[in-house]
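Here the protein sequences come in this chain order: A and B.
Okay, so the first sequence: first residue is 1 according to our numbering, each after it adds one.
Okay, so the second sequence: first residue is 273 according to our numbering, each after it adds one.
Glycine residues also receive a C-beta, built at the ideal position from the N, C-alpha and C atoms.
Computed from a predicted structure; not experimentally measured.
What follows is a single structure, written as structure tokens, with notes after it.
There are 2 protein chains.
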Amino acid sequence: MTEVRLFRGSQRVAAPSPLDRGLAYGDGLFETLRAHRGELPWWDRHWARLRRGAAQLGIALPDERQALAEARQLLDGADAVLKLILSRGEGGRGYAPPPQPVSAWSLSRHALPPSPPPEGLSLRWCELRLGMQPALAGLKHCNRLEQVLARAEWDDPGLHEGLLRNLDEDLIGATAANVFLLQGDAWLTPPVDRSGVAGVCRQALMELAEVRVRRLNADDLLHADAVFLCNAVRGILPVARLGERHWAPHPAIAGLRHRLGATHPAFVPSQD
Amino acid sequence: MTEVRLFRGSQRVAAPSPLDRGLAYGDGLFETLRAHRGELPWWDRHWARLRRGAAQLGIALPDERQALAEARQLLDGADAVLKLILSRGEGGRGYAPPPQPVSAWSLSRHALPPSPPPEGLSLRWCELRLGMQPALAGLKHCNRLEQVLARAEWDDPGLHEGLLRNLDEDLIGATAANVFLLQGDAWLTPPVDRSGVAGVCRQALMELAEVRVRRLNADDLLHADAVFLCNAVRGILPVARLGERHWAPHPAIAGLRHRLGATHPAFVPSQD
């Protein structure tokens, strides 16, 4: 049973409002955080992204100290995943928000996902092509039907993630992760200014290593010397296979995982 | 106070689930219906669109007879707007839905909007450009941040709607209405296969008159002999002004309004 705490402004409430604009329009933002022994090592990064998104969408941010204190209470020392959803709050029938909307937000605690297979992930290409929307790209907003449709394309448990291209055939990432390629000794990752999400782990890695942000396509991926996915819950996830293309474990990925693990024990790979 | 009825599958419930995928991802569809003396003249059209959307997204549809009976009870003979939201229901943390999701749906009753000004609407261009997504275009789905952002661009009550173009500069419609242009004696409306919503009133008008579906741009609009917006709540809304461009009342619009009003008294313009 997932534990959830709900708030309207600073007040704890028992249930979401049926008139919440999250339900009506996906009018909100979310963050998915890794909790390690009840602590949230990347809280500041997640909160900064939430703050940027809330400013861009014009949604009022909850009090950060309250949110963090509630999160810690909910986690109660556990290794877990914490999800935060922030919506614009109640609205009427139309797209225009009420003059003084009161944000609604929730915190929920979830079990950690299973460890990735030690040999690396098996990927597939998704048929769905992401649209481009510069006004929303990069944000972790709650308009996620593209990801829902893409994730519904397969149910083979032997395939761990699906790679997404946009309508221009640019490689963007996976349904719930960013993607990094190694070309020679250069790390590359796609821009997220037209499609995709500016992942928190992506950002952390760009501070740990020299990473070039460059438009990439399927060919770049197939010719890469090594490939990994990453997200804030699972850290770095080496890729072993995409269709007929196989990648052997690569020391550059192991090195980057090691450096990431050195920043916080939450991100030490379980097989190390 | 808006009256709302909530359901999980066929069961009435008191509140939305905090784990509803509508809140998490906008993973749902909606319909906004005009009610006239408690009846819903376009119920069949709305339900057909909802059924198509639900099939495309893989969301289970509620029982139609139950939904209609509940809607009629809620309306209780009133002239009103009825909003129906259908979400995929509760989910866990990821994009993949649970194996047997139980849809959540709600009905809410709202006041009719004020009558449009008798001289016609004043419009503006929105800065935001709609993205293109053939996998979702046409559907009245709950991923509506583009419309929320576009509607937030103005708060001048003298401007009644904002016109939207997509990233290719194609004219698509208004934030909450489709658009029709008159060129000579030909009615034109844009396709909705890449951006936009396949409006119920748009469809009804295409059955009442000869309408050509054609890609249109800002120039086509400015050179049109007459322009109207339409949606299922307000019917045909003649446009009087867009910036410096003015349109006089046009007999072709009056004729089409008359034909639409003849299909049901709900759509007789109040000034007739």
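is_contact[residue 355(B), chain A] using C-beta, thresh 9 Å: One-based indexing of the second sequence puts residue 355(B) at position 83. Closer than 9 Å: yes.
Proximity of residue 485(B) and residue 451(B) at Cβ, strictly below 9 Å: Taking the second sequence and counting its residues from 1, one reaches residue 485(B) at position 213. Taking the second sequence and counting its residues from 1, one reaches residue 451(B) at position 179. No.
Other residues of its chain near residue 194(A): CB distance less than 6 Å, five sequence neighbours each side excluded: In the first sequence, counting from the first residue as 1, residue 194(A) sits at position 194. Listed in chain order, the non-local C-beta contacts of residue 194(A) below 6 Å within the same chain comprise 132, 134, 137, local neighbours out to five positions each way being set aside.
Residues near residue 492(B) in its chain [Cβ-Cβ closer than 8 Å; skip 5 each side]: Residue mapping note: residue 492(B) aligns to position 220 of the second sequence, counting from 1. Correct list, in chain order: 443, 453, 455, 460.
6 Å Cβ shell around residue 257(A) - same chain, five flanking residues per side excluded: In the first sequence, the residue the question calls residue 257(A) occupies position 257. 236, 269.
7 Å Cβ cut-off: residues of chain B touching residue 237(A): The residue given as residue 237(A) occupies position 237 in the first sequence. Think of a sphere of 7 Å around the beta carbon of residue 237(A): no beta carbon from chain B falls inside it, the nearest being about 14 Å out.
Exposure of residue 51(A), with buried meaning 16 or more beta-carbon neighbours within 10 Å: In the first sequence, residue 51(A) corresponds to position 51, counting from 1. Exposed, because fewer than 16 other Cβ atoms sit within 10 Å of the Cβ of residue 51(A).
CB contact below 9 Å: residue 132(A) versus chain B: Translated into the one-based positions of the first sequence, residue 132(A) becomes position 132. It does; some Cβ of chain B falls within 9 Å.
Within chain A, the residues that residue 469(B) reaches when beta carbons sit closer than 9 Å: As a working mapping, residue 469(B) is identified with position 197 in the second sequence. The contacting residues do not exist; residue 469(B) stays about 12 Å from chain A at best.
Any chain A beta carbon closer than 9 Å to residue 544(B): What you label residue 544(B) is simply residue 272 of the second sequence in a count that begins at 1. Bear in mind that a pLDDT of 44 at residue 544(B), under 50, signals an unreliable position, so the number given afterwards is only what the model happens to contain. Not closer than 9 Å to any Cβ of chain A, the Cβ of residue 544(B) fails to qualify, so no.
Simplified DSSP state of residue 193(A), which is helix, strand or coil: Along the first sequence, read from residue 1 onward, the residue named residue 193(A) stands at position 193. It is coil, neither helix nor strand.
Residue 183(A) - DSSP class collapsed to helix/strand/coil: Taking the first sequence and counting its residues from 1, one reaches residue 183(A) at position 183. For residue 183(A), the three-state secondary structure derived from DSSP is strand.
Among 369(B), 490(B), 307(B), nearest to residue 332(B) - alpha-carbon criterion: Stepping through the second sequence from its first residue, residue 332(B) is reached at position 60. Nearest to residue 332(B) by C-alpha distance, out of 369(B), 490(B), 307(B), is 369(B).
Environment of residue 516(B) [buried if 16+ CB atoms lie within 10 Å]: One-based indexing of the second sequence puts residue 516(B) at position 244. Under this definition residue 516(B) is an exposed residue.
C-alpha gap between residue 109(A) and residue 4(A), whole angstroms: On the first sequence, residue 109(A) is found 109 positions in, with the first residue counted as 1. On the first sequence, residue 4(A) is found 4 positions in, with the first residue counted as 1. So the two alpha carbons sit approximately 7 Å from each other.
Continuous alpha helix (DSSP H) stretch holding residue 319(B): start and end: For the purposes of this step, residue 319(B) is taken as the residue at position 47 of the second sequence. Looking at the DSSP string, the run of the alpha helix (DSSP H) that includes residue 319(B) is 315-329.
Chain A contact for residue 329(B) (CB, 9 Å cutoff): Here the question's residue 329(B) lines up with position 57 in the second sequence. The beta-carbon of residue 329(B) is placed less than 9 Å from the nearest beta-carbon of chain A.
Boundaries of the beta strand (DSSP E) in which residue 11(A) is found, first to last residue: For the purposes of this step, residue 11(A) is taken as residue 11 along the first sequence, with counting starting at 1. Counting along the chain, the unbroken beta strand (DSSP E) around residue 11(A) starts and ends at 11-13.
Cβ of residue 351(B) within 9 Å of any chain A Cβ: Within the second sequence, the letter at position 79 stands for residue 351(B). False, the Cβ-Cβ gap to chain A never drops below 9 Å.
Segment contact flag, the stretch 276-291 of chain B with the stretch 241-255 of chain A, C-beta cutoff 8 Å, min 3 pairs: Verdict: no, contact absent.
Residue of 448(B), 432(B), 526(B) minimising C-alpha distance to residue 468(B): Residue numbering aside, residue 468(B) sits at position 196 when the second sequence is read from its first letter. Checking every option, the nearest Cα to that of residue 468(B) belongs to 448(B).
Selection of the stretch 20-37 of chain A by Cβ proximity to chain B, strictly under 9 Å: Residues of the stretch 20-37 of chain A with a C-beta atom less than 9 Å from some C-beta of chain B are 20, 21, 22, 23, 24, 25, 26, 27, 28, 30, 32, listed in chain order.
Simplified DSSP state of residue 510(B), which is helix, strand or coil: Against the second sequence, residue 510(B) aligns to sequence position 238. Collapsing the DSSP output to three states places residue 510(B) in a strand.
Local conformation of residue 70(A) per DSSP, three classes: The residue given as residue 70(A) occupies position 70 in the first sequence. Assigned with DSSP and collapsed to three states, residue 70(A) falls in helix.
Residue 222(A), buried or exposed, once every other Cβ within 10 Å from all chains shown has been counted against 16: Start at 1 with the first residue of the first sequence, and residue 222(A) comes out as number 222. By the C-beta density criterion, residue 222(A) is exposed, having fewer than 16 other C-beta atoms within 10 angstroms.
Inter-residue spacing [alpha-carbon to alpha-carbon] between residue 519(B) and residue 46(A): For the purposes of this step, residue 519(B) is taken as residue 247 along the second sequence, with counting starting at 1. For the purposes of this step, residue 46(A) is taken as residue 46 along the first sequence, with counting starting at 1. Spanning the alpha carbons of residue 519(B) and residue 46(A) requires a straight line of approximately 50 Å.
DSSP three-state assignment for residue 254(A), whether helix, strand or coil: The residue labelled residue 254(A) in the question sits at position 254 within the first sequence. For residue 254(A), the secondary structure class from DSSP, reduced to helix, strand or coil, is helix.
Any chain B beta carbon closer than 9 Å to residue 266(A): Here residue 266(A) corresponds to residue number 266 of the first sequence, with the count starting at 1. Interface residue (Cβ-Cβ distance to chain B less than 9 Å): residue 266(A) is not classified as such.
Burial state of residue 251(A) (16 or more Cβ within 10 Å): Residue mapping note: residue 251(A) aligns to position 251 of the first sequence, counting from 1. The residue in question, residue 251(A), is exposed, as its Cβ has fewer than 16 Cβ neighbours within 10 Å.
Residue-chain proximity (residue 424(B), chain A), Cβ-Cβ < 9 Å: Position 152 of the second sequence, counting from 1, holds the residue named residue 424(B). Yes, because at least one Cβ of chain A sits closer than 9 Å to the Cβ of residue 424(B).
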